[in-house]
Amino acid sequence: MQFQWYPGHMTKAKRQMQEDIKLIDLIIELIDARIPYSSRNPDIDELGKNKARLILMNKADLADEKTTKEWSAFFKEKGYYTASIDARNRGGMKAIQNVVLEACKEKTERDRKRGIKNRPVRAMVVGIPNVGKSTFINSFSGKACTKTGNKPGVTKGKQWIRLNKNVELLDTPGILWPKFEDQKVGLYLALIGSIKDEILNIDELATELIKFLLENYPGCIKERYHILEGENAVGVLTEIADKRNCRIRGNELDYTKAANLVIDEFRGGKLGRITLESPAAGQ
Ligand code: G4P
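The opening position of the sequence shown corresponds to residue 5 in this note's numbering, with each subsequent residue numbered one higher.
Pasting the structure below:
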């Protein structure tokens with residue numbers, strides 16, 4: 005699911021999106037609830053001006069509920085409709101249909117005044133790679149599985165999925181590119197698993213995560229690994245390596261193994277529901 009971005013890809017993706025946006029009333033923007041700032045690309049605001057906007061904070065099952073509520077208030081204040089979801093959970097999709105209708109009510113009202121009745125609202129899903137676009141489209145539309153590639157420009161013929169008499173969804177999502185220029189964005193995208201692990205220094209990544217957890221979620225490491233939480237992230241990683249018996253031949257501690265373990269457990273939600281960015285922190 006990983007994708008290398010080059011300027012050519014971005015231009016292509018942008019052009020594609022401009023074309024698709026002409027066809028729709030509502031942009032359903034998926035972001036990752038654990039990093040609502042870093043998983044967004046503000047270019048969509050420019051691309052989608054004059055369209056109804058809905059931000060879905062996906063993977064909310066892995067995020068801190070309290071911070072998700074704060075983000076929800078933040079986005080509402082900025083004029084977006086918003087909801088938090090677990091895209092794998094089809095049961096929650098009925099509620100999202102209502103939010104979609106709500107987000108389009110101005111458009112529907114305008115149509116009604118012009119005498120246009122029963123014209124379904126047309127929507128498209130956009131988001132950076134790996135944020136859950138395909139999962140959402142499948143759950144929302146009740147389809148078995150359509151795996152859409154993350155390559156911009158590789159689109160099959162456009163199709164509309166008719167959800168009900170009120171809503172139609174474009175079957176291919178728009179792919180947004182992350183904001184790589186910002187180092188912190190890169191770090192957070194890496195932590196949630198959006199950037200290839202092979203190109204990252206896992207030890208460094210784990211140390212940054214531990215540092216963040218010690219500061220923002222005190223007690224979480226202690227509870228998971230049954231170690232004392234020192235102040236030094238490298239020291240904590242050493243303790244984890246020892247406790248979980250991460251060793252290279254014989255007795256030497258294997259930091260990379262311990263780092264991978266911590267990162268995997270974080271990504272899998274085993275360290276608890278954790279959000280890396282909060283609106284209060286000015287993000
Ligand atoms: P994309 O189209 O935006 O690139 O994302 P995609 O739907 O392929 O989802 C990326 C990964 O995120 C998938 O996991 C998917 O199952 C997972 N996912 C999507 N939505 C949610 C959610 O709300 N909560 C959680 N916890 N996970 C979610 P994968 O391991 O890459 O694939 P798979 O093994 O699940 O098929």
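Every residue gets a Cβ at the ideal spot worked out from N, C-alpha and C, and that includes glycine.
Remark: the shortest separation between the CB of residue 136 and any heavy atom of the ligand G4P falls under 7 Å. Residues 275 of the same chain have their beta carbon placed closer than 6 Å to that of residue 228, with the five preceding and five following residues left out of the count. Boundaries of the alpha helix (DSSP H) around residue 49: 47-51. In the DSSP assignment, residue 84 falls outside any beta strand (DSSP E), carrying neither H nor E. Taking all protein chains shown into account, residue 29 has 16 or more neighbouring C-beta atoms within 10 Å of its C-beta and is therefore buried.
In this structure the segment 177-197 does not touch the segment 236-249; the number of beta carbon pairs closer than 8 Å is below three.
Here DSSP, grouped into helix, strand and coil, assigns residue 65 to helix.
For residue 133, the distance from the CB to the nearest heavy atom of the ligand G4P is below 7 Å. Three or more beta-carbon pairs separated by less than 8 Å link the segment 211-220 to the segment 232-240, which places the two stretches in contact. Using a Cβ-Cβ distance cut-off of 8 Å, the segment 30-37 and the segment 55-70 are in contact, since at least three pairs of beta carbons, one from each stretch, lie closer than that value.
For the ligand G4P, a non-hydrogen atom lies closer than 7 Å to the CB of residue 66.
Between the alpha carbons of residue 262 and residue 41 lies a gap of roughly 28 Å. The segment 193-209 and the segment 45-60 do not touch, with fewer than 3 CB-CB distances between them shorter than 8 Å.
Beta-carbon to beta-carbon, residue 175 and residue 141 are separated by about 7 Å, close enough to satisfy the 8 Å threshold.
Counting along the chain, residue 193 sits inside the alpha helix (DSSP H) bounded by residues 187-195. Across the structure, residue 78 and residue 92 are spaced so that their CA atoms are roughly 25 Å apart.
In terms of CA proximity to residue 171, 126 leads the group 218, 110, 126, 284. Contact between residue 233 and residue 225 holds, since their C-beta atoms are separated by about 5 Å, short of 8 Å. DSSP places residue 29 in the coil class of the three-state scheme, outside both helix and strand.
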